[in-house]
Amino acid sequence: MATEASHYYVPNPSLYPFILSVGLLLMAAGFIFNINHYAVGLWMLLLGFLCVLYVLFGWFGSIIDESESGKYKAWEDRSFRIGMIVFISSEVAFFAAFFGALFYMRNISVPELASFDPNFTMYKDFLGTWPTAGPGGMVLGMEYKPPQFTPMAAWGIPALNTLILLSSGATVTWAHWGLLKDNRRQLVIGLFLTIALGILFLGLQAYEYHHAYTEMGLTLGTGAYGATFFMLTGFHGFHVTLGTIMLIVILLRSMKGHFRPDHHFAFEGVAWYWHFVDVVWLLLFVLVYWL
Amino acid sequence: MTTAAQAHEAHHDHHPTGIMRWLTTTNHKDIGTMYLVFALIMFMVGGAMALAVRAELFQPGMQLMRPEFFNQLIGVHALIMIFAALMPAATGFANWLIPLQIGAPDMALPRLNNWGFWLLPPAAILLTLPFILALFGIGDGAIATGWTFYAPLSVQEGIGVDFAIFAVHLLGISSVMGSINIIVTIFNMRAPGMTMMKLPLFAWGWLITAFLLIATIPVLAGAVTMLLTDRHFGTHFFNAAGGGDPILFQHLFWFFGHPEVYILLLPVWGFIPHILSAFSRKPTYGYKAQVYSFWAIGILSLVVWAHHVFTVGMPVPALLYFMYSTMSISLPLAVLFFCWIATMWRGAMSFETPMLFATGWIILFGIGGLTGLVLADVAADAQYHHSYFVVAHFHYTLFAGGMMGMMAGTYFWLPKMTGRMYSEKLGKLHFWLTAIAFNLTFMPQFFLGLAGMPRRIPDYALQFAEFNMISSIGAFILGLSQLIFVYNIVSCIRGQGEKAADKPWEGAEGLEWTLSSPPPYHSFTVQPVVK
Chain A
1452 MATEASHYYV
1462 PNPSLYPFIL
1472 SVGLLLMAAG
1482 FIFNINHYAV
1492 GLWMLLLGFL
1502 CVLYVLFGWF
1512 GSIIDESESG
1522 KYKAWEDRSF
1532 RIGMIVFISS
1542 EVAFFAAFFG
1552 ALFYMRNISV
1562 PELASFDPNF
1572 TMYKDFLGTW
1582 PTAGPGGMVL
1592 GMEYKPPQFT
1602 PMAAWGIPAL
1612 NTLILLSSGA
1622 TVTWAHWGLL
1632 KDNRRQLVIG
1642 LFLTIALGIL
1652 FLGLQAYEYH
1662 HAYTEMGLTL
1672 GTGAYGATFF
1682 MLTGFHGFHV
1692 TLGTIMLIVI
1702 LLRSMKGHFR
1712 PDHHFAFEGV
1722 AWYWHFVDVV
1732 WLLLFVLVYW
1742 L
Chain B
14 MTTAAQAHEA
24 HHDHHPTGIM
34 RWLTTTNHKD
44 IGTMYLVFAL
54 IMFMVGGAMA
64 LAVRAELFQP
74 GMQLMRPEFF
84 NQLIGVHALI
94 MIFAALMPAA
104 TGFANWLIPL
114 QIGAPDMALP
124 RLNNWGFWLL
134 PPAAILLTLP
144 FILALFGIGD
154 GAIATGWTFY
164 APLSVQEGIG
174 VDFAIFAVHL
184 LGISSVMGSI
194 NIIVTIFNMR
204 APGMTMMKLP
214 LFAWGWLITA
224 FLLIATIPVL
234 AGAVTMLLTD
244 RHFGTHFFNA
254 AGGGDPILFQ
264 HLFWFFGHPE
274 VYILLLPVWG
284 FIPHILSAFS
294 RKPTYGYKAQ
304 VYSFWAIGIL
314 SLVVWAHHVF
324 TVGMPVPALL
334 YFMYSTMSIS
344 LPLAVLFFCW
354 IATMWRGAMS
364 FETPMLFATG
374 WIILFGIGGL
384 TGLVLADVAA
394 DAQYHHSYFV
404 VAHFHYTLFA
414 GGMMGMMAGT
424 YFWLPKMTGR
434 MYSEKLGKLH
444 FWLTAIAFNL
454 TFMPQFFLGL
464 AGMPRRIPDY
474 ALQFAEFNMI
484 SSIGAFILGL
494 SQLIFVYNIV
504 SCIRGQGEKA
514 ADKPWEGAEG
524 LEWTLSSPPP
534 YHSFTVQPVV
544 K
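Residue numbers (our numbering), protein chains in the order written: chain A, 1452 to 1742; chain B, 14 to 544.
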């Protein structure tokens, strides 16, 4: 039923979306059982992950085949472009939730906890200065004492990471220029550099996390500061990981001779994603590390 | 609007048969059908839960169930009705109608479209599985916090909350994928000459809906993710001991939750004008005004969320801001009401079932809107908050405004989708039973709320007994009369009833009526040209 008669390419029936949904169901249920200490959870999680992996290879594989066999023309290309823009917009909204939580805690809930009438407050010695691990109290039936911790300084590794990610934005653009000029060498070197910078960034983030947990007393459970710090940088790091994997796929495809100067949405989609991740980092650097 | 002839070549109908057709389909009508059938099934499931709730509330005292189970029922009822009945119904209509109305060969991203649907059954399984697990001694049942997941209750509760969190994640992915597809389709797949300002209002309504989903669903995903880490990974987002705040959750939730109301309503506001204009045999009044009102309401809905939590202790300037911004939504909404009524003004009206539902809808949704204004008043809200007044209000907006709108659309486009006319007699019976039983169910709840009956409580004081009994009787009539609806749809699908003409409604306008009933498997293999 691939519609040769119609101008727009409607793909053949495909089982991948269904398998992907089953995989996600298994992963979700498995994760729930796992965190609630049922042994079966881990196996469901693994099985679901295998389903998802199978679909990622199969589904993207068939898209690449369709693209390389010339089924996507300008009209289909425009669909992918608009779709990617909308998808990245939804990612912006996702990060906005966590930035919103950060602003709320810094500007509303923490100052308020410190501002109660001294005669009535539970939090007498709490100053409400940022960064904070909170005033302490009961959490899920257990006493929580705010731990001593050192906040993450901006002008060490984080500043270096900013430089690294900004450079990777430049190298991916340089690779794009190479693709537009049909200069394969520039394309491949540019992509390789971008991936190398991405991995370097992730390595430094991992080192920073390790340092925070082992020496700075800063963990996910370190009150308002720890929660927002690790959730924001953690989700960002997760997105950098995804972006790096996508860039590796694009690099492999470039080395196989895929893409033409006038037909390379996959490259551009990934580049857009990479720039988005870059911009999120700049916000993180200013709002989480620096200020 | 005129169209070029559409070539329909039979040999393009190849697709797998049996169950594989539905598992693998990339066809917008197949996917639309699955969405609609799923919505109908979940509507009955959610309705059964509501009836169990009303049975418990038939008399004061504890009759049928433990209070924990009652709490689980109300929460899962709401989640199912919102996420698994109303939203899929709207998406099903979008899949069916938008390509037909804008002259497209299919949705822009057909495989993604299928994924969007197949995420829904897993989400429904996750929502309801804890009920079954509890029978085997695993966990203590489904989420019992109400659909709003408020912390700290949702942080303390059992495994049901985890299941609901991941159900929301899957539903969220589904909504985002569906929205991407609809936005791309509307921007990229319109027939030549179909400019944005000639777009059918249903497509406009859905476009704004899709924008709202893209802006808010990820925020809900973020909020429930914070909930998950608070529950299992030691964060303190919603606990004052760590510097967090349970009220933070309410803000994040309602930043999603209020636009969600318009997400449910905008598709209905989109297709009501089609129905009113068809049965008044007049063009839609104020097309531009309606489009601009959609935009105004969509944008305003993103900045009014805290009117859901007026009583939580906000500073007075915040209360004033959220009160006035909420009330200002009534201005574009009043424009819409005016346009709907003006569309009917001096029309040659006839009252087939879709028109009965559409006109009844205007009145009942009007009651929902006006009682919303009352709740938007900070001073008055202090009395109404968390009472049965709120329950009555949002059932007027979401059952009357949402579900009955969907029913109007179903009767209007069912002949087009199935190629058969439904039974007009049964359709009218369905309308009158629904409209009367609906008011019987929910009108008393306004008074219960004013008299001080709180929501989400399985027992109540003796003075509320009569009105609760009336409400429960109404609810059972309402629930049972939906079986007529199901029967009408099923008999159309099974090919009973008269054959429907290509354009079964004399006054109907739009590209979808230029196709056969039912339309060919591939809608517009050659795009029509709109003049």
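Where is the CB? At the ideal position from N, CA and C, for every residue including glycine.
Only a predicted model underlies this, so the values are computations on that prediction, with no experimental measurement involved.
Open item on the list: Just to make sure I have the definition right: I need the residues of chain A whose C-beta is within less than 7 Å of the C-beta of W374(B). Which are they?
Closed with: Close to W374(B), with beta-carbon spacing below 7 Å, lies no residue of chain A; the smallest spacing is near 31 Å.
Open item on the list: Measuring alpha carbon to alpha carbon, tell me which residue in I506(B), W518(B), W426(B), H399(B) is nearest A464(B).
Closed with: Closest option to A464(B), Cα to Cα, is H399(B).
Open item on the list: Does H1714(A) come out as helix, strand or coil in the three-state DSSP assignment?
Closed with: Strand at H1714(A).
Task: Length of the line joining the Cα atoms of L132(B) and L1504(A) - done: Answer to the nearest angstrom: the Cα atoms are 17 Å apart.
TODO: Quick one: grab the DSSP three-state call for S341(B).
DONE: Looking at S341(B) - three-state DSSP - the assignment turns out to be helix.
Open item on the list: Could you check whether H41(B) and M100(B) sit closer than 8 Å to each other, using their CB atoms as the reference points?
Closed with: No, these two residues do not count as a Cβ contact at 8 Å.
Open item on the list: Report the CB separation of N127(B) from I1533(A) in whole angstroms; it is logged as a contact under 8 Å.
Closed with: In fact, because the Cβ distance is near 19 Å, the residues do not count as touching under 8 Å.
Task: Residue-level contact to chain A via CB, T16(B), 8 Å cutoff - done: Confidence is the limiting factor: at T16(B) the pLDDT is only 38, short of 50, which leaves the residue's position unreliable, though a coordinate-based value still follows. Not one chain A Cβ lies under 8 Å of T16(B).
Task: Straight-line gap, I483(B) to F451(B) (C-alpha atoms, nearest Å) - done: When rounded, the distance between both Cα atoms is 11 Å.
Task: Helix, strand or coil at S400(B) [DSSP, three-state] - done: In this structure, S400(B) counts as strand in the three-state DSSP scheme.
Open item on the list: Against chain B, which members of the region 1577 to 1593 of chain A pass a CB distance test of less than 8 Å?
Closed with: Cβ contacts with chain B: T1583, A1584, G1585, P1586, G1587, G1588, M1589, V1590, L1591.
Open item on the list: Any beta carbon of chain A sitting closer than 8 Å to that of D175(B)?
Closed with: For D175(B), the answer is yes, since a Cβ of chain A falls inside 8 Å of its Cβ.
- [ ] Sort out for me which residues DSSP pairs G1641(A) with in a bridge.
- [x] Bridge partners of G1641(A): none, in fact.
Open item on the list: Taking 7 Å as the limit between beta carbons, can you name the residues of its chain near S167(B), skipping five residues before and five after?
Closed with: T158, V174, L240.
Task: Where R79(B) sits in the DSSP three-state scheme - done: It is coil, neither helix nor strand.
TODO: Starting from G440(B), trace the alpha helix (DSSP H) both ways and give me its first and last residue.
DONE: 437 to 463 is the span of the alpha helix (DSSP H), which, as asked, contains G440(B).
Open item on the list: Can you list, in chain order, the residues of its chain with a C-beta nearer than 8 Å to that of I380(B)? Leave out the 5 residues immediately preceding and following it.
Closed with: Excluding residues within five positions, the ones whose Cβ falls inside 8 Å are Y409, A413.
Open item on the list: Quick check on DSSP: helix, strand or coil for V1590(A)?
Closed with: Strand, per DSSP.
Open item on the list: Going by the DSSP bridge assignment, what does R244(B) pair with across the sheet?
Closed with: Partner(s): none; R244(B) has no beta bridge.
TODO: Give the range of the alpha helix (DSSP H) segment to which M190(B) is assigned.
DONE: Unbroken alpha helix (DSSP H) run through M190(B): 172 to 201.
Open item on the list: Please confirm whether M419(B) has its beta-carbon closer than 8 Å to some beta-carbon of chain A.
Closed with: Not closer than 8 Å to any Cβ of chain A, the Cβ of M419(B) fails to qualify, so no.
Open item on the list: So that I know if they touch, is there some Cβ in chain B lying closer than 8 Å to that of V1730(A)?
Closed with: By this cut-off, V1730(A) is not an interface position.
Open item on the list: Less than 8 Å between the beta carbons of L1476(A) and V1506(A), yes or no?
Closed with: Contact: no.
- [ ] Put A17(B) into one of helix, strand or coil per three-state DSSP.
- [x] Note that A17(B) scores 38 on pLDDT, short of 50, meaning its location in the model is unreliable and no value can be drawn from it.
TODO: Report yes or no: do three or more beta-carbon pairs, one from the region 1508 to 1523 of chain A and one from the region 1456 to 1466 of chain A, lie closer than 8 Å?
DONE: Inter-segment contact for the region 1508 to 1523 of chain A and the region 1456 to 1466 of chain A is present: three or more beta-carbon pairs are separated by less than 8 Å.
- [ ] Give a yes or no on whether 8 Å exceeds the smallest Cβ distance from G255(B) to chain A.
- [x] So, interface residue.
- [ ] Answer with yes or no whether the minimum CB distance from V1721(A) to chain B is below 8 Å.
- [x] So no, V1721(A) is outside the interface.
Task: Within chain B, partners of N1487(A) - CB distance below 8 Å - done: Simply G152, I172, D175.
TODO: Determine contact between the region 333 to 349 of chain B and the region 373 to 392 of chain B, defined as no fewer than three beta-carbon pairs at a distance below 8 Å.
DONE: Verdict: yes, contact present.
TODO: Pull up the distance between the alpha-carbon of A17(B) and that of G154(B), whole angstroms please.
DONE: Here the model assigns A17(B) a pLDDT of 38, short of 50, so the residue's position is not dependable, and the following value carries that caveat. Between A17(B) and G154(B), the C-alpha separation is close to 57 Å.
Open item on the list: If contact is defined by three or more beta carbon pairs under 8 Å, each pair taking one atom from either stretch, is the region 1699 to 1709 of chain A in contact with the region 1663 to 1670 of chain A?
Closed with: With the cut-off at 8 Å, the region 1663 to 1670 of chain A and the region 1699 to 1709 of chain A do not touch.
- [ ] Report the neighbours of I128(B) on chain A: residues whose CB is nearer than 7 Å to its CB, in chain order.
- [x] In the sequence as displayed, the identity of residue 128(B) is Trp instead of Ile. Going along chain A in sequence order, the residues near W128(B) (Cβ under 7 Å) are P1468, L1471, S1472.
TODO: With DSSP as the reference, label P467(B) as helix, strand or coil.
DONE: In this structure, P467(B) counts as strand in the three-state DSSP scheme.
- [ ] Compare the C-beta of M239(B) with all C-beta atoms of chain A and state if any pair is closer than 8 Å.
- [x] Look at M239(B): its C-beta is under 8 Å from a C-beta on chain A.
Task: Within-8 Å CB hit, L1475(A) to chain B - done: Yes, because at least one Cβ of chain B sits closer than 8 Å to the Cβ of L1475(A).
Task: Range of the contiguous alpha helix (DSSP H) that encloses L1476(A) - done: Segment 1467 to 1486, the alpha helix (DSSP H) holding L1476(A).
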